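Colleague:
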Amino acid sequence: MTLATQPEKVAPCFGCAGKLDKAHLATVLKRLPIVQDARLVMGCSSFEDASVFQIEPSLGLVSSVDVMDPIEPDYYRFGRVAAANALSDIYAVGGRPLVVLNIASTPASDEAMEHLYQALKGAQEIVLQAGAVGGGGHTTVSQAFKFGLAVSGRVDPGKVVTNAGARPGDRLILTKPLGAMSILSSLLPEQPDHPLVDRAFAVMEQLNRAASEVMVDVGVHACTDVTGFGFLGHLSQMMEVSGACAHIGSSQLPLLPGALEHALVESKARVNNRRSFEDHVALAGYVPPALLEAMYEASTSGGLLIAVDAHQEALLLERLEQRGVDAACVGEVGPLQAGARVVVYPWGEL
Amino acid sequence: MLKRLPVVQDERLLVGCSSFEDASVFRLEPHLGLVSTVDVMDPIGLDFYRFGRVAAANSLSDIYAVGGRPLVALNVASTPASDEALENLYQVLKGAQEVVVEAGAVVGGGHTTVSEQFKFGLAVTGQIHPQHLVSNGGARPGDSLILTKPLGAMSILMGLQPTEPQHEAVRRAFVVMEQLNRAASEVMIAHQAHACTDVTGFGFLGHLSQMMEASGVTAHVHAHQIPIIPGALEHALSHSWDRALNVHSFEGVVKLKGRIPEAHLNLMYEASISGGLLIAVAAGQEKEFVAQLARRGVDGACVGQVGPLQAGVDVVVQA
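Those sequence lines, one after another, are chains A and B.
Here the first sequence stands for residues 1 to 350, numbered as in the numbering used here.
Here the second sequence stands for residues 351 to 669, numbered as in the numbering used here.
#1: Using the beta-carbon of each residue, which ones in chain B are nearer than 8 Å to Ala-26 (chain A)?
#2: Going straight from the alpha carbon of Ser-142 (chain A) to that of Cys-329 (chain A), what length do you get?
#3: Could you say which of A:Ala-119, A:Leu-128 and A:Ser-105 lies nearest to Val-357 (chain B) if we only look at CA atoms?
#4: Are Gln-166 (chain A) and His-221 (chain A) close, meaning C-beta to C-beta below 7 Å?
#5: When the Cα of Leu-264 (chain A) is compared with those of A:Ser-276, A:Glu-240, A:Tyr-296 and A:Ser-251, which residue comes out closest?
#6: In chain A, which residues lie less than 9 Å from Thr-462 (chain B) when you measure between Cβ atoms?
#7: Considering only the beta carbon of each residue, do Gly-634 (chain B) and Ala-545 (chain B) sit closer than 7 Å?
#8: Against Asp-37 (chain A), what residues of chain B qualify as contacts under a CB-to-CB distance less than 7 Å, listed in chain order?
#9: By the DSSP assignment, the alpha helix (DSSP H) with Tyr-91 (chain A) in it spans what residues?
#10: Checking the sheet assignment: what are the DSSP bridge partners for Gly-383 (chain B)?
#11: So, using beta-carbon positions, are Tyr-619 (chain B) and Val-653 (chain B) closer together than 7 Å?
#12: To the nearest angstrom, report how far apart Gln-359 (chain B) and Arg-593 (chain B) are at their CA atoms.
#13: Would Ser-409 (chain B) and Val-474 (chain B) be called neighbours here (beta carbons separated by less than 7 Å)?
#14: Starting from the C-beta of Lys-159 (chain A), find all residues in its chain whose C-beta is less than 8 Å away, skip the five residues before and the five after it, and write them out in chain order.
#15: Tell me whether Ile-34 (chain A) is buried or exposed, calling it buried when 16 or more other Cβ atoms sit within 10 Å of its Cβ.
#16: Distance, Cα to Cα, Gln-529 (chain B) vs Gly-445 (chain B)?
#17: Answer with yes or no whether the minimum CB distance from Tyr-75 (chain A) to chain B is below 7 Å.
#18: Using 10 angstroms around the beta-carbon of Ser-505 (chain B), count the other beta-carbons present and answer buried if the total reaches 16, otherwise exposed.
#19: Which residue or residues does DSSP assign as beta-bridge partners of Leu-439 (chain B)?
#20: According to DSSP, is Asp-66 (chain A) helix, strand or coil?
#21: Grab the span of the alpha helix (DSSP H) containing Val-365 (chain B) for me, first residue to last.
#22: If you drop the 5 nearest sequence neighbours on each side, which residues of the same chain put their C-beta closer than 6 Å to that of Thr-462 (chain B)?
#23: Gly-366 (chain B) versus chain A: which residues are under 9 Å apart at the beta carbon?
#24: So Glu-321 (chain A) is in the beta strand (DSSP E); what residue range does that whole segment cover?
#25: Check this for me: beta carbons of Thr-568 (chain B) and Met-562 (chain B), under 7 Å apart or not?
#26: Taking the Cβ atom as the reference point for each residue, do Ile-478 (chain B) and Ile-629 (chain B) lie within a distance shorter than 7 Å?
#27: Work out the CA separation of Ser-58 (chain A) and Arg-490 (chain B) for me, nearest whole Å.
#28: Do you know how far the Cα of Gln-118 (chain A) is from the Cα of Leu-304 (chain A)?
#29: Counting along the chain, where does the beta strand (DSSP E) carrying Asp-548 (chain B) start and finish?
#30: Let me know if Asp-110 (chain A) comes out buried or exposed under the rule of 16 or more other beta-carbons within 10 Å of its beta-carbon.
#31: For the segment 464–551 of chain B, list the beta strand (DSSP E) runs that are entirely contained and at least 3 residues long, ordered along the chain.
#32: Could you tell me the distance, in whole angstroms, from the CA atom of Arg-323 (chain A) to the CA atom of Ala-453 (chain B)?
#33: Mind listing which residues of the segment 137–171 of chain A have their C-beta closer than 8 Å to chain B's C-betas, in chain order?
#34: Could you compute how far the alpha carbon of Leu-659 (chain B) sits from the alpha carbon of Gly-566 (chain B)?
#35: Mind reading off the beta-carbon distance from Glu-125 (chain A) to Arg-80 (chain A)? Whole number of angstroms is fine, and I expect it under 8 Å.
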């Protein structure tokens, strides 16, 4: 394994990396008056991916919104990624997306208009693949190009999968490999035709639809999707609200080919994630820095991270494989532990 | 640019983005439609708390304009990461939340990106009975046209707010923009109105023109009947880029009869934020309709009538 370092290179702020970091956002949200509403089955208070509102006893409205910085220069594939990313929040709670609205801000130049067209075209393709429909959108003029989608869908309120249900003994399943953003940040600006770039885009364009349908079908304890806060950030939040501690085998993590070689590219979002979550992550021995950085990387349209009963693990993995989802068991859930929400074990241990 | 996108047909989409509608409507169940809309805005002035209130009322208005009931709002923000900008964001979120709660909806979360420019808006989802859907394409000859908020808030904000933020006219302009179109929408549903739109970025004449085009009719409005916020006319003569754009887009389909004072015409063309509902009701209903609005605290007025289609003319403005 080569662990090339490229500290002189600063990654552009792609995709979910442009999200406001957790600490800054928390200082704002903490001060807002708390509004209780019994119809809100799931709100934004516990790091959930989407909100769920009960319309009728068996009908929940699931809503989510995501806006991203472009992944230059391929705006068409960026549109596909942005759509898969926004739809993923619906899939993470076990919902089915129905209507999407495009949200764009763009300079008024002809070049930017062409970019917007490419992004909308890519997004529309993925929305159709998800069985949803575009209901319009809103575009504002701005110096910076940004694009995202607001998605509404339905879910049975009794079958909502939260991020809070993980129990000791559960197995943790990840449905997409890590490393796509590091690869893009490092290679896309200068080698857009590199095969690893295509591979990274393909992973991010993949819908979490099949993973979600299998998860709902088999029945699982908890789920979240891996996006801006990275694998360790989202896992840490899941453990916090579940009141448990995750044990992760570093050698079990699925990684894109090339991910480790590019994992040390400097990234502000990853630094933010590390700062936000490293107090809750314990290392049970030596973990290679590149591997650890890949776990902190801000993902865009990452996989679902699922906690499933140990007895159901084999069935879940088998069904995921049948649907073409390349999933892996990355560890297990243990009882609440003082000082750590996630313990990462050295290569080959756990 | 939207024309270049492949057209996707989906029979579950009862109202799409094809005909200038304010919101999309998706059939979930035979008795239940999902209404969705999103709006994002640049800050207006220096009072971010009131801006948040206005932004929320503005986004919710798209749901009210089709006769829907808002359920869940998601905040969409972009902000610099400075302490000052985060304080502004807090003020905005606080103001928006108050108005969302007033609408009987809930804030379900949101998304914030880092950007040099501060922008804020809401994505709102609501419900509607598909049979109660009020489109902008149902106006018929003989209908009366009702406007539920006075015009002129933008002229006051542009002309007065920078130098005299405490001025009474500025306060009134904010009150108008913060007012929800909820009561107006409920009165509209009770009266089985024929058509509705809300007055926002394209201005009174722009949105009226689109409604007439979608309905295949021509509107006749009376300039002196149009409600105006006190103080607005005095500030309606300075140049506004948004208004110039609206004039450019719509003056070809607007016919003037008689001498209309320039300030009046400017207010009719000016871009609104969180403007009122513009409603077409059956002839003879206008008095009762306006009285009902007044009972609910809404200052509505009959501004004209709908006539048969005049080729090439969407709106006739009479002095």
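Glycine residues also receive a C-beta, built at the ideal position from the N, C-alpha and C atoms.
Treat the numbers as computed from the prediction; the structure is a model and nothing was measured.
Modeller: Looking at the coordinates:
#1: By Cβ distance, chain B contributes nothing, its closest Cβ being about 11 Å from Ala-26 (chain A), past 8 Å.
#2: 43 Å
#3: A:Leu-128
#4: Checking the displayed sequence, the identity of residue 166 (chain A) turns out to be Ala instead of Gln. Against a cut-off of 7 Å, the Cβ pair of His-221 (chain A) and Ala-166 (chain A) comes out as a contact.
#5: A:Tyr-296
#6: Lys-19, Leu-20, His-24, Leu-25, Val-28 and Val-67
#7: no
#8: Val-456
#9: 75–92
#10: B:Arg-377 and B:Ile-478
#11: no
#12: 34 Å
#13: yes
#14: Gly-94 and Val-216
#15: exposed
#16: 13 Å
#17: no
#18: buried
#19: DSSP output for Leu-439 (chain B) lists no bridge partner at all.
#20: strand
#21: Segment 363–365 is the beta strand (DSSP E) holding Val-365 (chain B); no alpha helix (DSSP H) there.
#22: Ala-427
#23: Val-133, Gly-134, Gly-135 and Gly-136
#24: Here Glu-321 (chain A) belongs to no beta strand (DSSP E); instead the alpha helix (DSSP H) covers 313–322.
#25: yes
#26: no
#27: 40 Å
#28: 27 Å
#29: 545–548
#30: exposed
#31: 469–478, 494–497 and 545–548
#32: 43 Å
#33: Gly-137, His-138, Thr-140, Ser-142, Gln-143, Ala-144, Lys-146, Gly-148, Ala-150, Ser-152 and Arg-154
#34: 6 Å
#35: 6 Å
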